[in-house]
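Residue numbers (the numbering used here): 1 to 269.
Before any comments, here is the structure.
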């Protein structure tokens, strides 16, 4: 299938890796200035760098829908696969691409315009979608027993506003900007940090870790932020290798998306 994904952050990218490895062609749509913190496993980095690598899957920035389709097709013909990334936050290219499926993985906690009219198969990831009203299926993103479950009637659990528990920590592991201005990191993704370490500055104000662990995510230099803006993520499990691989959560959600695509594949015959 040709699958267009709205969003190219770390969870969306984990889904894309599973889709590419299963033989699907993938085009990802994102904003001109992505703000994903887990940049080492996010295909949206291709917007900034021109190309990137998530695990062993390349992501390449496309200048047009035509180029995106060509890059995705080339990826399906190679052993490693390849994802095409296109700047198109409104999804205007979807009509031109004419995909078999659209997967909304923006994770905005609400529907930003995705509808069942966009493609033969439309899947929503996380809260904000109702199957079979605005999507054909939705995938649960809340950690726990139902993570990755495909919902064919109804909606995922509403957003709680509390990050998932990792190693006994929730809100403590998230780094947030302390002022308004450009983000100025002084640490790097993969660094081991202690509680109280300064990892960045914003307008001279320090961004300090609340817990010890490995710096799994951090905004790139120069991103404009405001107080409270999510700027990073500390993983208390302290496994540095986890910073450079798709998360368990993303793999589970990707499995749910694959199930839904298979469930509705008969529509394409």
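Backbone N, C-alpha and C define an ideal beta-carbon position, used for all residues, glycine too.
None of the values given here were measured: they were computed from a predicted structure.
Residue 266, DSSP secondary structure in three states: Residue 266 falls in the helix class under three-state DSSP.
Spatial neighbours of residue 251 in its chain, beta-carbon cut-off 8 Å, leaving aside the 5 residues before and after: In its chain, beyond the 5 residues on either side, 14, 18 have a beta carbon closer than 8 Å to the beta carbon of residue 251.
Complete runs of the alpha helix (DSSP H) confined to the region 66–134 [at least 4 residues]: Counting whole runs of 4 or more residues, the region 66–134 contains the alpha helix (DSSP H) stretches 94–97.
Test item: CB-CB of residue 163 and residue 174 under 8 Å: It is a contact, given that the beta carbons lie within the stated cut-off.
Cβ contact (3+ pairs, closer than 8 Å) linking the region 115–123 and the region 219–230: Between the region 115–123 and the region 219–230 there are fewer than three inter-stretch CB-CB distances shorter than 8 Å, so the stretches are not counted as touching.
Contact set for residue 50: own chain, Cβ-Cβ below 8 Å, skip 5 residues either direction: Only residues of its own chain outside the window of five on either side were considered, and among them 60, 61 have a CB closer than 8 Å to the CB of residue 50, listed in chain order.
Cβ neighbours of residue 71 in the same chain (closer than 7 Å, five flanking residues each side left out): Within the same chain, Cβ atoms closer than 7 Å to the Cβ of residue 71 are found at 60, 62, 82, 84, the five residues on either side in sequence being excluded.
Same chain only: Cβ atoms within 8 Å of residue 23, ignoring 5 sequence neighbours per side: So the qualifying residues of the chain are 76.
Helix, strand or coil at residue 183 [DSSP, three-state]: Here DSSP, grouped into helix, strand and coil, assigns residue 183 to strand.
Same chain, Cβ closer than 7 Å to residue 205, five either side skipped, listed in chain order: Here the set comprises 178, 179.
Of the listed residues 37, 58, 126, 145, nearest to residue 21 (C-alpha basis): When each option's Cα is compared against that of residue 21, the closest is 58.
Beta-carbon proximity list for residue 112, same chain, < 7 Å, skipping 5 on both sides: Contacts found: 106.
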